Amino acid sequence: MITTALAASIAGGPAEPATDTIELASRERVHDRRSEPFAITVKGRPMKHLYPGITRELQLTLRNPYDFALSVKSLRAEVVSSSKRGCKPVPANLVAQSYTGKLPLLIPPRSRTDAKTIPLAMPPGAAQACSGATFTIQLRGTATKAHR
């Protein structure tokens, strides 16, 4: 089983278009039953114009660097930090919702797969300090070798 812990920074604010690609890669050494280390790469494109009362979709692309297929069993996100002192990483300020795609998701050998999204919602009552903040989103997932 592969478990990944990934982090990304998401910029917010109506006047700040965010267009850079976020590339996330597990740095953990995780092993299957034969003690082989695995990693999976997830790419996401930051959303533009994140502000109170809006939900934006974090589009994910998963890359499998191995010569065997992977079956992704879960993908989830958590808001873990903010760049501004008065903007705590709590659901009252930003919520990472459930992955919108169907699981398990098959990633063929040595290829990439465009996955669905993880919605990020900033509630209408989010702290004013969150305007223009950069949030760190931790992505986690599990995968196994796909059986043919």
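Per my numbering, the very first residue in the sequence shown carries number 84; after that it's consecutive.
Glycine residues also receive a C-beta, built at the ideal position from the N, C-alpha and C atoms.
Given the structure is predicted, the values throughout are model-derived calculations rather than measurements.
P135 and N147 have their C-alpha atoms spaced approximately 36 Å apart. Beyond the five residues adjoining it in sequence on each side, T200 comes within less than 8 Å, by CB distance, of E140, L141, Q142, L143, Y182, T183 and G184 in the same chain, given in chain order. A straight line joining the alpha-carbon of E161 with that of T219 spans about 9 Å. Residue burial annotation: A175 is exposed, with fewer than 16 other C-beta atoms found within 10 angstroms of its C-beta.
V163 counts as exposed, since fewer than 16 other beta carbons sit within 10 angstroms of its beta carbon.
L189 sits exposed, since fewer than 16 C-beta atoms from the chains shown fall within 10 Å of its C-beta. Residue range I137 to N147 is occupied by the beta strand (DSSP E) that includes R146. Counting the other CB atoms within 10 Å of its CB gives V125 a total of 16 or more, which places it among the buried residues.
Less than 9 Å divides the Cβ of M205 from the Cβ of L177. In the structure shown, A229 adopts coil according to DSSP, grouped into three states.
Ranked by Cα distance from P172, the options A229, I123 and A210 are led by A210.
A distance below 8 Å between beta-carbons, with the five flanking residues on each side excluded, links P192 to the following residues of its chain, in chain order: N147, Y149, D150, F151 and A152.
For A198, the secondary structure class from DSSP, reduced to helix, strand or coil, is strand.
DSSP places Q211 within a helical segment (H, G or I) once states are collapsed to three.
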